[in-house]
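Enquirer:
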Amino acid sequence: MPIAPSEVKWIDERTLSPWDWLYLPALWEGLSTTVRHMFSKKVTIEFPEQRPSVPPHYKGVHRLNRDEQGRVRCVACYLCATACPAHCIDIVAAPSPWPDREKYPELFVIDELRCIYCGMCEEACPVDAIELTTLYDLTGFSREEMLFDKEKLLAVYDYTVNKGTDAIRTLRGTLGPASEILEQQSAPLPNT
Amino acid sequence: MALGLPENVFLANLDKLANWVRANSLWPMPFATACCGIELMAVGASRYDIARFGAEVMRFSPRQCDLMIVAGRIVMKMLPVLQRIWLQMPEPKWCISMGACASSGGVFDTYAVVQGIDRFIPVDLYIPGCPPRPEQLIQAVLDLQEKIRKTGTLAGREFQQRTQPNIPQLLPAPPSDRIVAPGDYTTATQRWPGDDRSSSSCSRRPLPQVN
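Put into structure tokens, the structure is as follows:
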């Protein structure tokens, strides 16, 4: 359907006055904006010297927590690997050398390049073993060095705890809330 | 710098000057296909201001660039475009793979998405994150400048220098007494203890027979 000529609104170009022909007002307007920004407050963050403060729940590089005896807290239950939407966690479980748990991770590798830092591994972990730290400026020269194994993740734990940037968030016993559930089930109920 | 010279002749001081110049005037080619491109724009804007490191001149013509920043997922249909633009860039040139999708495919483990652009073009620096913070990209530019100062144009060459992709290889079969769950270990990215294959070997484990 063609547009009726009565509905068409024609807009003509504005004719410049002789004062506008000098281009001095436009020049003055642009230069005043430049000068105003030269003396206004700077918005630039000078990154390598001036680092932003990220909140403590920031989702950065992973770490594997240690328990009180310095062992890895993970019990190799594969819940984080199951919850991971990017399938970036590889765990190889082995029978645990310690009496308080059944399994422990012999290998625990996170592909930091495939991870999308959603934090679902942290939410899925029943023993609070895996946490995301506030380290945010990670880069790598090769893909192989971005595969963080168990020792590297434990080293991230030591680094962040010693540096004081990420406190240990949960101290709920040796193995966390899941072990407490097991103790409640094994204990006889008071009413029976 | 040392074009036409024999391989055992180095112009050390002149090369150092050229490396200093090249490191501090990287002209990026923004190959932004997804949300990482938004962070790339933020790095170019005044809050993070990559102009402090001489890399603010985003050129959309590959003939004028020497740093390709691949920001976002690359699908198989996009890959010829990426390779053509990479080949159109003059040497020496470097590449930053920004974000999980460009580096390894990320969550998009499908037939259509390239599982890491380093299988097709040489990548110098990887940035994890989904998307990475702008500080991470600035840190990557700083690391790349350090690499350019150290290696010069030797690492900025074309495929004749880097013919093998530097990617994680397939795994051998795990020992049977280990518990492996969930999923398929052939797609896993770790390396077993005692596995002493070099990273350049491209030997593939034969697929298991299915009855």
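Protein chains in written order, with the working numbering: chain A, 1 to 192; chain B, 1001 to 1211. A virtual CB, placed ideally from N, CA and C, is assigned to each residue, including glycine.
1) Consider the Cβ of E68/A: report whether some Cβ of chain B lies at a distance smaller than 8 Å.
2) One question on the structure: do I116/A and G1116/B come within less than 8 Å of each other, judged by their Cβ atoms?
3) Using a beta-carbon distance below 8 Å, is S6/A in contact with chain B?
4) List, in order along the chain, the chain B residues whose C-beta lies closer than 7 Å to that of L45/A?
5) For W1086/B, collect the residues of the same chain with a Cβ closer than 8 Å to its Cβ; drop the 5 residues on either side in sequence, then sort them by chain order.
6) Could you tell me which uninterrupted beta strand (DSSP E) segments, each at least 3 residues in length, are contained entirely in the stretch 92-159 of chain A, listed from first to last along the chain?
7) Where does D1143/B fall in DSSP's three states?
8) For G1129/B and chain A, any beta-carbon pair shorter than 8 Å?
9) Looking at the secondary structure, which residues open and close the alpha helix (DSSP H) in which A1071/B lies?
10) In angstroms with no decimal places, state the Cα-to-Cα distance between D1015/B and P48/A.
11) Which chain B residues are close to A86/A, counting only those with a beta carbon under 8 Å from its beta carbon?
12) For P1132/B, count the other beta carbons within 10 Å of its own beta carbon; 16 or more makes it buried, fewer makes it exposed. Which is it?
13) Rounding to the nearest angstrom, what Cα-Cα distance links F148/A and R114/A in this structure?
14) So is A1071/B in contact with chain A if we call contact Cβ pairs under 8 Å?
15) Taking the alpha helix (DSSP H) that S1103/B falls in, what are its first and last residues?
16) Counting only beta-carbon separations shorter than 8 Å, does V1118/B have a partner in chain A?
17) With 8 Å as the limit, tell me which residues of the stretch 107-118 of chain A have their beta carbon closer than that to any beta carbon of chain B; keep them in chain order.
18) For the stretch 1020-1038 of chain B, which residues have a beta carbon sitting closer than 7 Å to at least one beta carbon of chain A?
19) Considering only residues of the same chain and omitting the five flanking positions on each side of A93/A, which have a CB-CB separation below 8 Å?
20) Quick one: list the residues of chain B neighbouring D166/A, beta-carbon separation under 9 Å, in chain order.
21) Measuring CA to CA, which of C1035/B, G1037/B and S1025/B is closest to A1055/B?
22) Taking 8 Å as the threshold (C-beta atoms), are I130/A and C121/A in contact?
23) Please go through the same chain and pick out, in chain order, the residues whose beta-carbon is closer than 7 Å to the beta-carbon of P63/A, but skip the five residues on each side of it.
24) Beta-carbon separation of D202/A and R73/A under 8 Å?
25) Return the CA-CA distance between G141/A and K41/A, expressed in angstroms with no decimal places.
26) Any beta carbon of chain B sitting closer than 8 Å to that of P126/A?
27) Applying a beta-carbon distance threshold of less than 9 Å, which residues of chain B neighbour L138/A?
Expert: Well, looking at it:
1) Locating residue 68/A in the first sequence gives position 68, where the first residue counts as 1. Chain B contact via Cβ: absent.
2) In the first sequence, the residue the question calls residue 116/A occupies position 116. In the second sequence, the residue the question calls residue 1116/B occupies position 116. No, Cβ-Cβ distance for I116/A and G1116/B is not below 8 Å.
3) Reading the first sequence from its first residue, position 6 is the one you call residue 6/A. Under the Cβ criterion of 8 Å, S6/A is not counted among the residues facing chain B.
4) Taking the first sequence and counting its residues from 1, one reaches residue 45/A at position 45. It is worth fixing the name first, because residue 45/A is Ile in this sequence and not Leu. Those are R1047 and Y1048, listed as they occur along chain B.
5) Numbered from its first residue, the second sequence carries residue 1086/B at position 86. Hits under 8 Å: P1062, M1068, K1093, C1095 and I1121.
6) Entirely contained in the stretch 92-159 of chain A, the beta strand (DSSP E) runs reaching 3 residues are, in chain order, 103-111 and 130-132.
7) As a working mapping, residue 1143/B is identified with position 143 in the second sequence. Shown here, D1143/B sits in a helix according to DSSP, grouped into three states.
8) Taking the first residue of the second sequence as 1, we reach residue 1129/B at position 129. By this cut-off, G1129/B is an interface position.
9) For the purposes of this step, residue 1071/B is taken as residue 71 along the second sequence, with counting starting at 1. A1071/B -> not in any alpha helix (DSSP H); beta strand (DSSP E) instead, spanning L1067 to A1071.
10) Walking along the second sequence from the start, residue 1015/B turns up at place 15. Walking along the first sequence from the start, residue 48/A turns up at place 48. Rounded to the nearest angstrom, the gap between the Cα atoms of D1015/B and P48/A is 27 Å.
11) Translated into positions along the first sequence, residue 86/A becomes position 86. In chain order: A1100, G1106, V1107 and D1109.
12) Within the second sequence, residue 1132/B is the residue found at index 132, counting from 1. With a 10 Å radius around the Cβ and a threshold of 16 neighbouring Cβ atoms, P1132/B comes out buried.
13) Stepping through the first sequence from its first residue, residue 148/A is reached at position 148. Stepping through the first sequence from its first residue, residue 114/A is reached at position 114. Distance between F148/A and R114/A, taken at the CA atoms: about 11 Å.
14) Residue numbering aside, residue 1071/B sits at position 71 when the second sequence is read from its first letter. Judged by the 8 Å Cβ criterion, A1071/B is not in contact with chain A.
15) What you label residue 1103/B is simply residue 103 of the second sequence in a count that begins at 1. Counting along the chain, the alpha helix (DSSP H) containing S1103/B begins and ends at G1099 to S1104.
16) For this step, residue 1118/B is matched to residue 118 along the second sequence. Position check: residue 1118/B holds Asp in this sequence, whereas Val was assumed. Closer than 8 Å: yes.
17) Residues of the stretch 107-118 of chain A with a C-beta less than 8 Å from any C-beta of chain B: L107, V109, D111, E112, L113, R114, C115, I116, Y117 and C118, listed in chain order.
18) In summary, no residue of the stretch 1020-1038 of chain B has a CB separated from any CB of chain A by less than 7 Å.
19) Position 93 of the first sequence, counted from the first residue, corresponds to residue 93/A. Counting only residues of its own chain and dropping the five nearest sequence neighbours on each side, A93/A has a CB closer than 8 Å to the CB of A76, Y78, K103, Y104, P105 and E106.
20) What you label residue 166/A is simply residue 166 of the first sequence in a count that begins at 1. Result: empty, since nearest Cβ-Cβ is about 17 Å, beyond 9 Å.
21) On the second sequence, residue 1055/B is found 55 positions in, with the first residue counted as 1. Cα-wise, what sits closest to A1055/B is S1025/B.
22) The residue you call residue 121/A lines up with position 121 of the first sequence. The residue you call residue 130/A lines up with position 130 of the first sequence. Taking 8 Å as the cut-off, the Cβ atoms of C121/A and I130/A count as close.
23) By one-based count along the first sequence, residue 63/A stands at place 63. One detail in the question is off: residue 63/A reads as Arg in this sequence, not Pro. Only E131, T133, L153, V156, Y157 and T160 meet the Cβ criterion.
24) No statement about residue 202/A is possible, as the shown extent of chain A runs from 1 to 192 and does not include it.
25) Taking the first residue of the first sequence as 1, we reach residue 141/A at position 141. Taking the first residue of the first sequence as 1, we reach residue 41/A at position 41. The sequence given here has Phe at residue 141/A, not Gly. Distance between the alpha carbons of F141/A and K41/A: 37 Å.
26) Translated into positions along the first sequence, residue 126/A becomes position 126. Not an interface residue.
27) Counting from one through the first sequence, the residue named residue 138/A turns up at place 138. Per Cβ cutoff of 9 Å: I1127, P1128, G1129, P1132, Q1136 and Q1139.
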